[in-house]
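Chemist: For reference, each letter of the sequence shown is one residue, going 126 to 468 in the numbering used here.
All residues carry an ideal CB built from backbone N, CA and C; glycine is no exception.
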Amino acid sequence: MSQSSQINRRFVLAQRPKGMPTDQDIRLEEVPVPQPAAGQVLLRTLYLSLDPYMRGRMDDAESYTPGLAIGDVIGAGTVCRVEKSEHADYKAGDLVLAYTGWQDYDLSNGEGLQKLDANMQHPSYALGLLGMPGFTGYMGLTDIGNPQPGETVVVAAASGAVGSVVGQVAKLLGAKVVGIAGGAEKCRYVTETLKFDACIDHKAPDFAEQLKAACGNGIDVYFENVGGAVFDAVLPLLNTKARVPVCGVISQYNGMNSSFEHDRLPLLMGTILKKRLRVQGFIISQDYSDSYPAFFKQMSQWLAEGKIQFREDIVDGLEKSVEAFRGLLVGKNFGKLIVKVAD
126 MSQSSQINRR
136 FVLAQRPKGM
146 PTDQDIRLEE
156 VPVPQPAAGQ
166 VLLRTLYLSL
176 DPYMRGRMDD
186 AESYTPGLAI
196 GDVIGAGTVC
206 RVEKSEHADY
216 KAGDLVLAYT
226 GWQDYDLSNG
236 EGLQKLDANM
246 QHPSYALGLL
256 GMPGFTGYMG
266 LTDIGNPQPG
276 ETVVVAAASG
286 AVGSVVGQVA
296 KLLGAKVVGI
306 AGGAEKCRYV
316 TETLKFDACI
326 DHKAPDFAEQ
336 LKAACGNGID
346 VYFENVGGAV
356 FDAVLPLLNT
366 KARVPVCGVI
376 SQYNGMNSSF
386 EHDRLPLLMG
396 TILKKRLRVQ
406 GFIISQDYSD
416 SYPAFFKQMS
426 QWLAEGKIQF
436 REDIVDGLEK
446 SVEAFRGLLV
456 GKNFGKLIVK
466 VAD
């Protein structure tokens, strides 16, 4: 047995971040690889997902799920290989979707594991297009947004794991789709590869004017995952009875920033009333878990038919997780951010 295979590297929460997480907040530990007891499997992480919600779990604040305690391994969805099995339903070599976090190895009693096809062409897609981000985009758009043919759908972070799915599904449902992304390269990708009708660069000095020009008939559905200045530009363009599914507000996850300077709550509440907006937050795992099989079947079919494009931003090496996560929080990634931990 090689030395590296006897050690489990894992990132734990050392202290609560104040703003952007630092190397002092998240500590890399090395501990012995645990061994499975009866009814357990030893999982080897192959890919782990980095997602914005992880920042909120590092704070000691009430939320929809318990936060991390100091010393906890940073949680994350993972694609793992069963290394050793003392569980009747799993054998060594099985591929599974798990939630083992930022580490090389973990033990599981089988609860919450989902077997993946051993011949899956892109196992990492189980963390993106066919996993939580794709599922989030699909359900938030179709159930809360409910776009009708000819309506205008706007999605922020349009080149990202969630936004790219939202826009492409909206196009398949017959809507006009306007994306918002950061930078010319991402905007080109959104229009040329994902086939959105338009994409506006939120870094442009005349961003609000460009967005208004692209949405000549106003906005019927706005899929919110950014908040801040982007939402400021969207709000006056929302049509009467517009729907706003809210799955995240990444611009606010590191606490106070320039977008907090003015109290916009009265404007927001007044607009919700006057335009009878439907603004609804949702947590995919808590609100729609029963719908996953139907989503997986539909998205797999679209993927096989070439109707959906999906881009991954893969970082090689568990040790790069913290740096990559910081980049995610400021939009440096281009596509679904995944850490490749092992072959």
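Hey, could you find the ends of the beta strand (DSSP E) valine 207 is sitting in?
Modeler: 203 to 210
Chemist: Identify, in the order they occur along the chain, each residue of the same chain with its Cβ nearer than 8 Å to the Cβ of methionine 381, setting aside the five sequence neighbours on each side.
Modeler: Only weak support is given to the placement of methionine 381: the predicted model assigns it a pLDDT of 45, under 50, and the value that follows is read from those uncertain coordinates. Answer for methionine 381: no residue qualifies.
Chemist: Are glycine 262 and valine 291 close, meaning C-beta to C-beta below 7 Å?
Modeler: yes
Chemist: Classify leucine 443: buried if its beta carbon has 16 or more other beta carbons within 10 angstroms, exposed otherwise.
Modeler: buried
Chemist: Considering only the alpha carbon of each residue, which of Arg436, Met264, Ile199, Leu336 lies closest to aspartate 229?
Modeler: Ile199
Chemist: Cα-Cα, which of Pro161, Leu402, Ile305 is closest to valine 539?
Modeler: A query on residue 539 cannot be resolved here, the shown segment of the chain reaching from 126 to 468 and no further.
Chemist: Look at the alpha carbon of glutamine 335 and the alpha carbon of valine 303, and state the distance between them as a whole number of angstroms.
Modeler: 11 Å
Chemist: In three-state DSSP terms, what is leucine 255?
Modeler: coil
Chemist: Can you have a look at alanine 429 and say buried or exposed, based on whether 16 or more other CB atoms are within 10 angstroms of its CB?
Modeler: exposed
Chemist: I'd like to know if the segment 153 to 169 and the segment 193 to 211 are in contact, where contact means that at least 3 CB-CB pairs between them fall below 8 Å.
Modeler: The segment 153 to 169 is in contact with the segment 193 to 211.
Chemist: Along the chain, where does the beta strand (DSSP E) that runs through lysine 366 open and close?
Modeler: 363 to 371
Chemist: Tell me the residue span of the beta strand (DSSP E) that contains lysine 311.
Modeler: No beta strand (DSSP E) contains lysine 311, which is instead part of the alpha helix (DSSP H) from 309 to 317.
Chemist: Using the Cβ count rule (16 or more neighbours within 10 Å means buried), how would you classify proline 244?
Modeler: The question names proline, but residue 244 in the sequence shown is asparagine. Under this definition asparagine 244 is an exposed residue.
Chemist: Can you list, in chain order, the residues of its chain whose CB lies under 6 Å from that of serine 284, leaving out five sequence neighbours each side?
Modeler: Ala306, Lys311, Tyr314, Val315
Chemist: Within this structure, are the beta carbons of glycine 341 and asparagine 364 separated by less than 7 Å?
Modeler: no
Chemist: Could you please give the first and the last residue of the uninterrupted beta strand (DSSP E) stretch that includes asparagine 465?
Modeler: Reading off the sequence, residue 465 comes out as lysine, not asparagine. Looking at the DSSP string, the run of the beta strand (DSSP E) that includes lysine 465 is 461 to 465.
Chemist: At what residue ranges does the segment 372 to 459 contain a whole run of the alpha helix (DSSP H), taking only runs of 4 or more?
Modeler: 390 to 399, 409 to 412, 417 to 429, 446 to 454
Chemist: Which residues share a DSSP beta bridge with cysteine 324?
Modeler: Gly304
Chemist: Nearest-angstrom Cα distance between glutamine 273 and arginine 368?
Modeler: Their Cα atoms are separated by approximately 11 Å.
Chemist: So leucine 173 is in the beta strand (DSSP E); what residue range does that whole segment cover?
Modeler: 166 to 174
Chemist: Return yes when the C-beta of alanine 162 is under 6 Å from any heavy atom of the ligand ADP, and no when it is not.
Modeler: For the ligand ADP, the structure offers nothing, since it holds no ligand at all.
Chemist: Using DSSP with H/G/I as helix, E/B as strand and the rest coil, what is threonine 225?
Modeler: coil
Chemist: Quick one: Cα of lysine 296 to Cα of glycine 196, how far?
Modeler: 44 Å
Chemist: Candidates Ser410, Leu393, Val440, Ile409: which alpha carbon is nearest leucine 402's?
Modeler: If we check each option's Cα against that of leucine 402, Leu393 comes out closest.
Chemist: In terms of residues, what are the limits of the beta strand (DSSP E) holding glutamate 154?
Modeler: 151 to 157
Chemist: Skipping 5 residues on each side, what residues in its chain have a beta carbon closer than 8 Å to that of arginine 436?
Modeler: Ser284, Ser289, Tyr314, Thr318, Phe459, Gly460, Lys461
Chemist: Beta carbon of tyrosine 347, beta carbon of valine 359: below 7 Å?
Modeler: yes
Chemist: I need the DSSP call for threonine 277, collapsed to helix, strand or coil.
Modeler: Reduced to three states, the DSSP call for threonine 277 is strand.
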